[in-house]
Each structure stands twice: as structure tokens, then as C-alpha cells.
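Student: One structure is given below, represented as C-alpha cells, and several questions about it will come after.
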Amino acid sequence: MSLHNNSNPSAQGVEVLACDTSSLNRRILEEGSSSSGQGIWCKEDGCVFDSIFCPFCVPPHNSVLGVHVLATDALNLKLQNKILFFLDSLEIENFEAHKRH
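Following numbering that gives the first Met the number 0, the numbering of the sequence shown begins with 0 at its first residue and continues without gaps.
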């Protein structure tokens, strides 16, 4: 997975939804993070990631929702403490429509 836009037409990317950790239900971070808690360094992206699993799914830790960016190099500071959800792992609903019914 690469977070950088690449002009190479054969390169593959992943569409993500970036969210600040303070905007999320704490359960996603507490129960959804990988058990190691140490993260994985990705030199290509300049970030340390921790996988985020769906704490609401049965069985839990079966569905990867995205990654928590734990640390970054200087070029990627804007991603620090962000959750990058994989769009193809989410079901996004219009909550305003639900309020009206």
C-alpha cells in the first residue's frame, strides 16, 4: 500500500478516508488495533502503521478497516495520529436521512 500519488500507470493505490483519532469512537482504537501495538514501518510511505480491525464484527480481528498512523518521517507529519480507513472496507450511510425518518 502506498499513500503517495504515483504517475506510474501500472502502480496500484488504495482509496482511503483520513480521519483524526479524536473524531472516532475510542473503541475502534482500543479494541480494533492489532495486538502487537508496535506498528510496522513502511519505508516507501515514511510511516509506522498499526492495523485497525473491526471491533464490532464477529469474529473481531477478521476485517481490516484501515491503519492508524503512529509515527511519520518529516515529509508525512500531516498523517500523524490519523486513521486511514480503506474505502472498500466501509459502509457509509447518510445519517441525516436516518434522522428524518
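Just so you know, even glycine gets a beta-carbon here, dropped at the ideal spot from N, CA and C.
Could you name each continuous alpha helix (DSSP H) segment of 4 residues or more that falls completely within the segment 17-77, going from the start of the chain to the end?
Tutor: Those alpha helix (DSSP H) runs which fall completely within the segment 17-77 and span 4+ residues are 25-31.
Student: Compute the Euclidean distance between the alpha carbons of residue 1 and residue 38, then round it to the nearest angstrom.
Tutor: Residue placement at residue 1 is poorly supported in this model, since its pLDDT is 43, which falls under 50; the coordinates are not used for a value here.
Student: Compare the C-alpha of residue 45 against each of 51, 72, 57 and name the closest.
Tutor: Comparing Cα-Cα distances from residue 45 to each of 51, 72, 57, the minimum goes to 72.
Student: Which residue marks the beginning of the beta strand (DSSP E) containing residue 82, and which one marks its end?
Tutor: Start and end: 81-85.
Student: Using only alpha-carbon positions, find the residue among 42, 27, 89 that is nearest to residue 75.
Tutor: With distances taken between Cα atoms, residue 75 lies closest to 42.
Student: Looking only at its chain, what residues have a beta carbon closer than 6 Å to the beta carbon of residue 69, apart from the 5 residues adjacent to it on each side?
Tutor: Excluding residues within five positions, the ones whose Cβ falls inside 6 Å are 38, 47, 49.
Student: Could you check which residue in 82, 87, 92 has the C-alpha nearest to that of residue 19?
Tutor: Per the Cα distances, 82.
Student: What does the Cβ neighbour count give for residue 15, buried or exposed, with the cut at 16 atoms within 10 Å?
Tutor: Residue 15 is buried by the Cβ-count criterion.
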